[in-house]
Structure formats: structure tokens, C-alpha cells
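Below is one structure, written out as C-alpha cells; comments come after it.
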Amino acid sequence: MQTIQHWINGAYSSPADSRHADVTNPATGKVSGRVALASAAVVNDAVAAAADAFPAWRDTSLARRTQILFSFRELLNARKGELAAIITSEHGKVLDDALGEVSRGQEVVEFACGIPHLLKGGYTENASTKVDVHSIRQPVGPVAIISPFNFPAMVPMWFFPVAIATGNTVVVKPSEKDPTAVNWVAELWKEAGLPDGVFNVVHGDKEAVDTLLEHPEIKSVSFVGSTPIAKYVYEKGTAAGKRVQALGGAKNHMIVLPDADLDLAADAAVSAGYGSAGERCMAISALVAVGGIADELVAKIAERTRTLRIGDGLRGTDMGPLVTKAHREKVAGYIEAGEASGATVVLDGRQVKADAEGDGFFLGPTLFDNVTPDMSVYTDEIFGPVLSVVRAETYDEALALINANPYGNGTAIFTNDGGAARRFENEVEVGMVGINVPIPVPMAYYSFGGWKNSLFGDSHAHGTEGVHFFTRGKVVTTRWLDPSHGGLNLGFPQNA
Ligand code: NAD
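Going by the UniProt record's numbering, the sequence shown opens with residue 1, and the numbers climb by one from there.
Printed below as a string of C-alpha cells:
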């Protein structure tokens, strides 16, 4: 059985006294490896490596940094199939979807290849007589990236290409449930020519996270995960004087207005509700059917959902298993609760027959109708293949539901009415909005992030907000001494 080790200063490191956790292939239920769980001492080693590498990396020319980024991009593009297979074997999502995840991460690498343009400062000649002013942005120092299980490659890639391109050194703490993807990335960086110590990986749990949050050499923390942990990381990290962006959980609503094309809306609901077994922070989990269309729409969704093939993601199926047995049981518990609270069970995933060997953590797509806002299938982030249909009389009622929700990550409206869509875009209190697009994940050159309990901090990931997060601004005022500058003046210069 393989042991998944930390990657520190350009090499694997395996302290003998490590605690370990099992890593499982969710499609077979079999343990495939053991991941080392870092002690504070191991985290300190990784941070020391990042701190030692920082001075030389921040002074490495932009030309050289971008050459390395381009090499990394080329290697990733050529070999992304390997990374996708690792993701499927530890996360469970189907291979196509894993490839999609890598491609979306690659787009951030491509964005970061353009960093010289993004780091250009401003310059003002003669701000005062023979006095010039210019601005620069500099890296913040060693940074920490702490990521969730559901996108083991893409979520870390929202951050590290921009962090590295802007001259920072990095310590990544991936999810202990699917840790191998980031190790594969570490080896690829080495092959691309990144100096040792610029990209480090520590595996672990709360002990590793807490050590990063308290470590004085770590200057910023980029976290993605569930809302309670995001809030904890934000509070602890900022209390220790770091800048923190902590992206949390979600409950994403899709509104369907009566004028929408119901076939296209049903396709979108199935794809966005059940893709990656609902384990996406941008998954649609609540569909609000407005104005008497619910019977027809629910029938269309159910008809399409019945055609989905559930099984091992390496077998060309549409939907894989959930990540762990415990998570499968938790989601099944929500289905029980939904039924007990009086929602109509249109499709029940608990009876699924999966195309897989062994004892995988499968749960079929589940569809509830007549869900009301007091039910736990509506209030809670389930993070599984469970789609709840809520019926609303009017657009205003549907909008009020979304705006009352404590989360504000993604949302979508389906309509052919441009005026309604425009109103929605303006009125909805959510960070990422789709108009006839069910999962509106922004492109790498925009920034990804939600509102309310879906994001603690004020910087979204990648795009210009990412560049801003990983750099500090400095403004320089210059004069080259000249006789006209002589004389004493103890006042504040005015209109000079
Ligand atoms: P999680 O919060 O359990 O874990 C995230 C990270 O925090 C992991 O690295 C984990 O090791 C660490 N962690 C867990 N418990 C901790 C503790 N007590 N103290 C310190 N660190 C701890 O999340 P998960 O189950 O891996 O991922 C699913 C969650 O992530 C969902 O809520 C999903 O919505 C959210 N998510 C959000 C986004 C977004 O962009 N907003 C994107 C992806 C996932």
C-alpha cells in the first residue's frame, strides 16, 4: 500500500513518527493508500523551506518566472489525463468531469502566464514640480492554501499559479480525503524548473491547519471548504495578522420562470444537480419553479434523470460515488428526513444499482418535489445528488427565498424575458449569477467567490482580485535634486 507523503523543499519527506489516515477509492470501497498527517514540526519545516526560498524567488525576473509558468502549462496540458485518473480514483467523480476540473484549473495557469501585464504599476510624471510618483505591487511572502476534497486539483489551482507568478512561495494543505493530486502537481512544478522550496505540500488535518494559521512566517491564507471551518480559519488567521480569503459552503438556487424553455431548463437542472454527485460548491440543490410549471418541469427532470448511468467513474458512467462511506450515510439521512417531513419523493437514490466492483459509496440521484423552506433538505447544504423542487407563485417570492438564504455562492435564472433576467441580476444577493447558465463559474480572468456565508474576507479567487490578494501595493515619490528644490519648509507641501 502506498504512503502519501509531504513534499518539502523539492522532495518527499516522510517523518517516521507521522500519524496517518486511510485514503479510499470511493468506487470500490477499498483503501488505496495512507496519507501522512503532519505534526506541527513537519508544518514548521515546510514553512521554513518556503521562507528560505522566498527572497530568491521574489527577485527572480518576471521573464524567468513566466518561462517556468509556460513550461508548467505545457506539461500539464500534455499529461492532464494522468491527473484526471488520480482524481477519479480518490474522489470518485467520472473521468470526463475530472478532466474538466483540470482544464478549469489550467485556465488559471494560463491567466497567470500573463502576469507581467497584470503587475504593471502606474506612473505619474511631474505630480509636483520635478517630482514623479509610481506604484508597484510586491509579493506578500510565504502563503498558505488549504483546500477541500471536492476539487482536489482545481481549487488549489485557483490560487497557486497566481501566488507563484506574483513572486510568493507556497505551502498547500490539500484535503486528506484525496491528497495525491497535489503531490502530482508538485512533481510537475519541479519538472517545469520551479526552484525547490517555492511549492511545498503538507498533508494533514486540524493540527496542520492550526499550525499554518498561527505561524508568523505565513503572510496570507487562502481557504476553501465548509462554512463553519471557513469562518474559523478567517477569524483565527486574521487574529494572527494575516490576510485571509475563506470561501465557504453553498445552497444554490435555480429559478425557472413560466416563459422558460422547460426542456433546456430540465437538462440544466439534471446536469447541475447531479454532476459530480452533487459534490460541487456550485451545484444546484434547490430549484424554484415559478407560476404553475412545476408538474411539467418535474416530469421532464425525472424522465432525464432515469437515463443516467451510475457507477465507477472509470467505466464511462455519468455519475460516480460519494467521497466516503460516512458522507454517503449522511446524505442518505437527509433523504430519510425529507421523506419524513412530507416532501414528495419523485426519485429515491437509495435503491441505486451501480456499475462497479466491490462496495462503493453509491447513492443514486434523488428528486424531491413540494419542498418547503422549513425542511432540512432545503435549509442544509447536503452536498450530494439530491435536488429539491420548491414551488413559488411569483418571481418576487422566488427572489425573496434566495435573498433570505444565509449562503450566497451561485444562482441561476431560466427565462426568455430579458427584463426579468436583468432585474434578477440587479436584485439577487449572490456572488455568481447565471442567466440560462446553471453553473456560472467565472472564467480565470474574472474572480470566483460568493457573498454572505459563502465567503469570509473581501477577496475572491483568481482574476485581478487574486493578483491583488497575493501582492502588497507600494507608492514611490521621487525627485532628483535640483536647485529649485532648495530651502526649508516645515509645512505640508501644497500645489508645489
Ligand atoms: P471541510 O471544511 O471539511 O475541509 C476543508 C479543509 O479544511 C480540508 O483541508 C480539511 O482538512 C480542513 N479542516 C477540516 N476540519 C477542520 C478543522 N476542524 N480545523 C481546521 N481545518 C479543518 O470541507 P470539505 O468537506 O473538504 O469540502 C466540502 C465543502 O467545501 C462544502 O461545504 C463546499 O460547499 C465547500 N466548497 C466551497 C467552495 C467555494 O468556492 N465556496 C468550493 C469548493 C468547496
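We put the beta carbon where it would ideally sit given N, CA and C, even for glycine.
Once you ignore the five residues that flank residue i on each side, which residues in its own chain have a CB closer than 7 Å to its CB?
{"i": "G10", "result": "K190, D196, G197"}
{"i": "K236", "result": "L213"}
{"i": "A230", "result": "F223, A246, L247, G248, F456"}
{"i": "A49", "result": "I8, N9, G197, N200"}
{"i": "P148", "result": "V155, S175, V224, G225"}
{"i": "V290", "result": "I255, V256, L257, P258, A392, T394, Y395, A398"}
{"i": "K300", "result": "L262, D263, A266"}
{"i": "T317", "result": "V94, R309, I310, G311, D355"}
Leaving out five residues on either side along the sequence, give the residues of the same chain with a beta carbon under 6 Å from the beta carbon of residue i.
{"i": "V31", "result": "D22, T24"}
{"i": "R472", "result": "Q138, V140"}
{"i": "T227", "result": "G248, G249, N453"}
{"i": "S388", "result": "A286, F368, V371, V377, Y378"}
{"i": "G466", "result": "V162"}
{"i": "K325", "result": "F361"}
Taking all protein chains shown into account, decide if residue i is buried (16 or more other Cβ within 10 angstroms of its Cβ) or exposed.
{"i": "F470", "result": "buried"}
{"i": "S61", "result": "exposed"}
{"i": "N409", "result": "buried"}
{"i": "R479", "result": "exposed"}
{"i": "M1", "result": "exposed"}
{"i": "G279", "result": "As written in the sequence, residue 279 is Glu, which differs from the Gly given in the question. Under this definition E279 is a buried residue."}
{"i": "S14", "result": "exposed"}
{"i": "V476", "result": "exposed"}
{"i": "D59", "result": "exposed"}
{"i": "K173", "result": "buried"}
{"i": "D45", "result": "buried"}
{"i": "G241", "result": "exposed"}
{"i": "H460", "result": "buried"}
Do residue i and residue j have their C-beta atoms closer together than 8 Å?
{"i": "S128", "j": "P493", "result": "yes"}
{"i": "W158", "j": "H468", "result": "no"}
{"i": "G342", "j": "L363", "result": "no"}
{"i": "T411", "j": "V430", "result": "yes"}
{"i": "A272", "j": "I145", "result": "no"}
{"i": "residue 559", "j": "V143", "result": "Nothing can be reported for residue 559: it is not among the residues displayed for the chain, which extend from 1 to 496."}
{"i": "I68", "j": "G193", "result": "yes"}
{"i": "L99", "j": "A84", "result": "yes"}
{"i": "A181", "j": "I86", "result": "yes"}
Which residues does DSSP list as the beta-bridge partners of residue i?
{"i": "S388", "result": "A286, F368"}
{"i": "I402", "result": "Note: I402 sits in no beta bridge, so no partner."}
{"i": "S135", "result": "V475"}
{"i": "G434", "result": "A412"}
{"i": "N183", "result": "DSSP, once it has assigned bridges, lists no residue as partnering N183."}
{"i": "W7", "result": "Y12, V201"}
{"i": "K173", "result": "I146"}
{"i": "K452", "result": "Y407"}
{"i": "M1", "result": "M1 pairs with nothing; no bridge assigned."}
{"i": "N25", "result": "K30"}
{"i": "T124", "result": "V133"}
{"i": "R19", "result": "L37"}
Just to confirm my understanding: we take residue i, look at its own chain, exclude 5 residues before and 5 after, and list those with CB closer than 8 Å. What are they?
{"i": "N82", "result": "According to the sequence as given, residue 82 is Glu; it is not Asn. The residues are W184."}
{"i": "D267", "result": "R304"}
{"i": "T28", "result": "D312, A356, E357, G358, D359, G360"}
{"i": "K130", "result": "R479, W480, D482, S484, H485"}
{"i": "R73", "result": "Q106, V109, E110, C113"}
{"i": "Y234", "result": "F223, V244, A246, F456, G457"}
{"i": "E296", "result": "L262"}
{"i": "L37", "result": "S18, R19, H20, A21, E176, H203, G204, D205, E207, A208"}
{"i": "Q5", "result": "Y12, S13, S14, A36, N183, H203"}
| request: Kindly confirm or deny that the segment 417-436 and the segment 104-117 touch, where touching means at least three C-beta pairs closer than 8 Å. | output: no
| Per the contact definition of three or more C-beta pairs closer than 8 Å, is the segment 200-211 in contact with the segment 119-128? | no
| Touching by the beta-carbon criterion (3+ pairs, under 8 Å), the segment 353-369 and the segment 305-322 | yes
| field | the segment 443-453 / the segment 399-408 touching (three or more Cβ pairs under 8 Å) | value | yes
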